[in-house]
Amino acid sequence: MRPAATLLIGTILVLNCSKSERAVEVRPARTIIVISVDTLRSDHLPAYGYTKIATPNIDALRRDAILFSHAYSHIPLTLPSHATIFTGLLPADNGVRDNSGFKLALEPETIASRLKDSGYATAAAVSAYSLRSSSGIDRGFDVWDDHFVPRSLTDVAGEVQRPGAETIAIAKQWIAANREKPLFYFLHLYEPHTPYVPPEPYRSRYPIPYDGEIAYTDALLGDFVAFLREQKLYDDAAIIFLSDHGEGLNDHGEDEHGILLYREAIQVPLIMKLPRAESAGKTIDTPAQLTDVFATIGALASGDSIPLLAAGADRPIFSETYFPRLRLGWSEQHSLIRGSKHLIDGPKTELYDLRADPAERNDLASSDRRTRSAMLEEIAPLAKPADPTVAIDPEEARKLTALGYIGSTSPASGGPLPDPKIEIEKFRQVKQALWFRQNGRHAEAVAATDELLASNSRMFDVWDIRARSLMELGRTEEALTAAKRAAALSPADPSIMLLIASLALRRGMHDDAAKHLTLAVGSHPAEAHEMLARIALDRGDLATAESEGALAESTAPESAAVAWMKGRIALARQQLPAALTHFDRAIALAAKSQPIPELHGDRGFVLAVQGRTREAEVAFKEELRLFPSGKTARSNLILLYRQQGRGREAAALKR
382 MRPAATLLIG TILVLNCSKS ERAVEVRPAR TIIVISVDTL RSDHLPAYGY
432 TKIATPNIDA LRRDAILFSH AYSHIPLTLP SHATIFTGLL PADNGVRDNS
482 GFKLALEPET IASRLKDSGY ATAAAVSAYS LRSSSGIDRG FDVWDDHFVP
532 RSLTDVAGEV QRPGAETIAI AKQWIAANRE KPLFYFLHLY EPHTPYVPPE
582 PYRSRYPIPY DGEIAYTDAL LGDFVAFLRE QKLYDDAAII FLSDHGEGLN
632 DHGEDEHGIL LYREAIQVPL IMKLPRAESA GKTIDTPAQL TDVFATIGAL
682 ASGDSIPLLA AGADRPIFSE TYFPRLRLGW SEQHSLIRGS KHLIDGPKTE
732 LYDLRADPAE RNDLASSDRR TRSAMLEEIA PLAKPADPTV AIDPEEARKL
782 TALGYIGSTS PASGGPLPDP KIEIEKFRQV KQALWFRQNG RHAEAVAATD
832 ELLASNSRMF DVWDIRARSL MELGRTEEAL TAAKRAAALS PADPSIMLLI
882 ASLALRRGMH DDAAKHLTLA VGSHPAEAHE MLARIALDRG DLATAESEGA
932 LAESTAPESA AVAWMKGRIA LARQQLPAAL THFDRAIALA AKSQPIPELH
982 GDRGFVLAVQ GRTREAEVAF KEELRLFPSG KTARSNLILL YRQQGRGREA
1032 AALKR
C-alpha cells in the first residue's frame, strides 16, 4: 500500500448497484472510522424497514451512506467475529473460534497494522471484556483502550462491559488529539447486548427492552457524529457502521446468540459513508460479508476500487459456531448462504429460501435435494475442527500435559453430539443455574448443575457454574474437583485456570496454584500476578510479592484487589499509614464492582493497631455486614470488645 502522504489522488469507484450505475470519483479517506454496535439485528432498524422504534441518528447516517441490505457475519460471537473483520479471514484461518480459549494467530495481517504501516494513527476503544487486548485482537493499534474492572478476580469469564457513553468519551479525546493526522479509529458499543436495561426515557418508551437499548445506542451515536462534525472530520471521513452478529430473540428458541445459525443470528447491518457522502442513499442488494470489511478499508485508504462493491450476487457466504461443542457438549453448526438459499448443517441439515421465507419456517432440505447436496459438498472443506489445544504454545502444552489436562478429554474429540436445535430448551436450564449463581443462590445453582450434568457431563459452562457456586458455599475441595473437570474439557481456557488457582490458594496448595497461574498470566495478567503476589506474601517473600503486585498494577491500575494486595504487603512491612491508604483506595474501587472479603477487616486491624478503636469497630462491623461468616473480623472485634471491657458484647458475638 502507498504511504499516507500519497493518499490524495482521486480514484474511480465502481458501484455494483445496477448495470446502469455510473462510476463515481471518490477521494481516499484520511479519516476512517469503524463503529461496531454489538448484537444488533439489522431487521430491528428503521433503515432496514423496522417500524417499532425511532433511530434518527442512524437514519441520518444512512442518508449520507450506502446501505447493504444483505450483510452477514461468519460467527455469532463477539471476539471471533471482530477477528474476521480485522483480518478478512474466516475464524478457522485467523485462529479465533470462541470468545475464550483462543487467540488471534500471529501470521495474518490486520487492517490496523496495514494502515499503521501506511502512516495512519490507529486507536480503538471497546466496551466488552471479550475484546480484551490479551486475545491479540489489538494487533496493529497504537492505542487499544479496554480498561475494564472485572466483578471479581475469579469471575473474569462473566460478561463485563463499559457504558457506551464512557467509551465514546475516550474515543473523542483521542480523535481530537490526533485529528490532524491520517487516522483509523475503531469504536465498539455494547448496549444492545444482554442484559437489556435501557435508561429512561427509552425504558418506558419501548415495550421491548432490546429495542430500547437500540434507541439509546442511536442517541449515543448521534453524540459521536455531532463531535465529528464539530471537529470538521465528518464530511471527509469514511465511516463504516456494522454489527458483529445478531440476536435470537426466541425466533427459533434461542433468546441470545452463539448456539444457532439462523438468519436472525448472522444477518447484520452494514452501512458505509464515503468521503463527501459519495453515492449517498444508495442501496446494494448484492450479499456482503464481514470479511469484506478488511479489503474495503484498505481500498478506502489507498484509493483503490472497493471490492465489497464488486462482489458477485451468487458467491458463497460461510458461517460457523463451535460454541455449542466447546461450552455445552452439543454439536457445532455450519451454514452456507448462496444467493437466496441458506443451508444450515448440523446433526440435521436444513435448507431455506431467504427471499421467499426470511423467517426460515419452511425447511426445503427434503424437497430440494439437489440444492441441498450441492451446498453440502461446498461447505465440507470450510467446516474445519475447532480444538483450542491445537494452537497452544508448546511450552503451555507441556504444562497442561504435566497437569493432566491434555490427553484426558478434548472438546473436539468423541462421537456424535446432541443437536443444539433439540437441546436449546435445556440452555434455559443452564441460564437458570447461572442466574442462581449470579444472585447468590448457590445451593440452588449446584442442584441445577446436578440435573444438567447427569444427562451430559461434557458441559464446560455447567462445570464452571458448579465450581464457582461450590466455592461460594465454602465447599472448596468439591469446587476444585468441578473446576478441574471443566479444565479437562477446555484446557486452553485461561479463566478456568485462574479459578483453579484461586481454589488451590484457598486450600494452601501454593505450588498447584502457581502452576495454573502460569497458564493464565498471558490472558489475565492482573489477576494472575495479584494471586502470585498473594502466594509470595503467604510464603513471607515480600520482595517477590512487591514485584508481582507491581506487575498486576501495571496492567490493572484501577483494580480493587490489586490495591488491597498492596495494602497487605505494606502491612507485612509494618508500614501502617501506607497500608491504610491502600485499603481505603481498595474500598473505593470495590464500590464500583463488588465487595472483597477481608478488606474491611484488614483495614480495621490497622486502625486498631494505631489505637483508633472506634473506627476499627466500625470497619469490623462493616466486614461482618458484608460477609457474616468472616471468622477473622469476628475474632478481632471480640478481642477489641474485651480490651474495652465490653464483655457482654463480646459474648454476644460468640454465639
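Quick note: the sequence shown, position 651, residue 1032 per this note's numbering, numbers continuous. C-beta: ideal position from N, C-alpha, C; glycine also.
Since residue i and residue j should fall inside the 8 Å C-beta cutoff, what is the C-beta to C-beta distance between them, to a whole number of angstroms?
i       : j      : result
GLY627  : GLU645 : 5 Å
THR459  : ASP424 : With 8 Å as the limit, THR459 and ASP424 do not qualify as a contact, their Cβ atoms being about 20 Å apart.
ILE950  : LEU918 : 6 Å
LEU421  : ILE652 : 11 Å between Cβ atoms; not a contact.
ALA428  : ALA618 : The Cβ separation is near 19 Å, so there is no contact.
LEU485  : ASN475 : 6 Å
GLY639  : GLU806 : So it is not a contact: roughly 16 Å between Cβ atoms.
ARG560  : LEU614 : 6 Å
ARG495  : GLY684 : In fact, because the Cβ distance is near 14 Å, the residues do not count as touching under 8 Å.
PHE1001 : GLY985 : 4 Å
SER700  : ILE456 : 6 Å
PRO769  : GLY482 : 4 Å
GLU998  : GLY982 : So it is not a contact: roughly 12 Å between Cβ atoms.
ILE881  : HIS897 : 5 Å
Using a Cβ-Cβ cut-off of 6 Å (strictly less than) and excluding sequence neighbours within five positions of residue i, which residues of its own chain qualify?
i      : result
ILE725 : LEU642, SER716, GLU731
ALA764 : HIS715
GLU804 : TRP711
PRO489 : THR468, LEU470, ASN475
ARG966 : ALA944
Along the chain, where does the beta strand (DSSP E) containing residue i start, and where does it finish?
i       : result
ILE725  : 722-726
LYS654  : 651-654
GLN1039 : Because the chain spans 382 through 1036 in this model, residue 1039 falls outside it and cannot be assessed.
ILE647  : Note, ILE647: premise wrong, no beta strand (DSSP E); alpha helix (DSSP H) at 644-647.
LEU623  : 619-623
Below 8 Å CB to CB, which residues in the same chain sit around residue i once its five sequence neighbours on both sides are set aside?
i      : result
LEU601 : GLY545, ALA546, ILE549, LEU570, GLU572
PRO797 : SER712, PRO728
The alpha helix (DSSP H) that contains residue i, what's its start and end?
i       : result
LEU861  : 857-870
ALA931  : 923-936
TYR1022 : 1012-1024
PRO875  : 875-887
GLY982  : 980-990
GLY476  : From DSSP, GLY476 is part of no alpha helix (DSSP H); its letter is neither H nor E.
PRO437  : 437-444
VAL827  : 823-836
ASP845  : 841-853
GLU581  : First-last for GLU581: undefined, no H or E at that position.
LEU757  : 750-760
ILE466  : 459-468
So if DSSP puts residue i in a beta bridge, which residue, or which two residues, is it bridged to?
i      : result
VAL524 : ALA504
PRO576 : Partner(s): none; PRO576 has no beta bridge.
ARG719 : PRO697, LYS722
LEU745 : Bridge partners of LEU745: none, in fact.
GLN612 : GLN612 is not bridged to any residue.
LEU570 : VAL418
ALA509 : GLN542
ALA669 : ALA452
THR702 : GLN714
State the DSSP-derived secondary structure class of residue i, mapped to helix, strand or coil.
i      : result
ASP734 : strand
HIS451 : coil
ARG411 : coil
HIS897 : helix
LEU396 : Note that LEU396 scores a pLDDT of 39, beneath 50, so its modelled location is shaky; the value from the coordinates is reported in the next line. Three-state result, LEU396: coil.
PHE675 : helix
SER791 : With a pLDDT of 44 at SER791, under the threshold of 50, the modelled position of that residue is not reliable, and the figure given next carries that caveat. Note: SER791 maps to coil in three-state DSSP.
LEU564 : strand
GLN813 : helix
THR664 : strand
THR491 : coil
ASN631 : coil
GLU402 : Its pLDDT being 40, under 50, GLU402 is placed unreliably in this model, and the coordinates cannot settle the point.
MET912 : helix
GLU637 : coil
Could you name the residues of the same chain whose beta carbon sits closer than 7 Å to that of residue i, not counting the 5 residues immediately before and after it, in chain order?
i       : result
ARG1023 : ALA1031
VAL843  : VAL811, ALA814, THR830, LEU833, LEU834
GLU996  : LEU988
ASP445  : LYS654, ALA658, ALA661
ARG719  : ASP695, PRO697, MET756
THR503  : ALA493, LEU496, LYS497, GLY521, PHE522, ASP523, PHE565
LEU745  : LEU732, TYR733, ASP734
For a cutoff of 7 Å on Cβ pairs, would you count residue i as touching chain D?
i      : result
LEU884 : Protein chains in the displayed structure number just one, and chain D is not present.
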